Amino acid sequence: MNRVVYRELSSLEKDLGISAKRLYTISNSLSRHYLKVILPKKNGGARLLSVPDDNLKTVQRRISDVLLSHMPVSPFARAYTPGASPLKNAIPHIGKDWIINSYFILQLKDVIKTAMPFGYSDGTLYSLGLVEEDE
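If you're matching positions, the sequence shown starts at 1471 in the numbering used here and goes up one per residue.
Here you go:
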């Protein structure tokens, strides 16, 4: 597995192109960086979305491009592979009696709020293989 190990914050700043101060500021005020958007549903209801603002989106994209793009993707994943599409994801399910929609099981928004603001929690970057355990 290819992984990136950061021993100094300055290396992370350089690779992401984002200052530690900016990362710290955004990570300590996450709720202010999500915009509430209401989308109408076909059935007449409404869906409330929390959408990252441009600052948070930039950080998320840099982390994805610089750090997470080197991580292996599960062979069962369909959304994170080159050429992925909703149609290609749906094809294996044609004719099946049951399909479990993981949206109802796991909402990424909740995971991000509790698991990490940008990996500053002790074990998150380690568990992703991005840092080494102290010896």
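Glycine included, C-beta positions come from ideal geometry on N, C-alpha and C. Since the model is a prediction, treat every value here as computed from it, not as a measurement.
According to DSSP, simplified to helix, strand and coil, what is R1492?
In this structure, R1492 counts as helix in the three-state DSSP scheme.
Please list the segments of the alpha helix (DSSP H) lying wholly inside the stretch 1488-1542, counting only runs of 4 or more residues, in order along the chain.
Qualifying alpha helix (DSSP H) stretches, in chain order: 1490-1497, 1524-1532.
Check this for me: beta carbons of L1505 and V1529, under 8 Å apart or not?
No, Cβ-Cβ distance for L1505 and V1529 is not below 8 Å.
Rounded to whole angstroms, what is the Cα-Cα separation between S1497 and L1519?
Straight-line Cα distance between these residues: approximately 20 Å.
Assign L1493 to one of two classes, buried (16 or more other C-beta atoms within 10 Å of its C-beta) or exposed (fewer than that).
The residue is buried, with at least 16 neighbouring Cβ atoms inside 10 Å.
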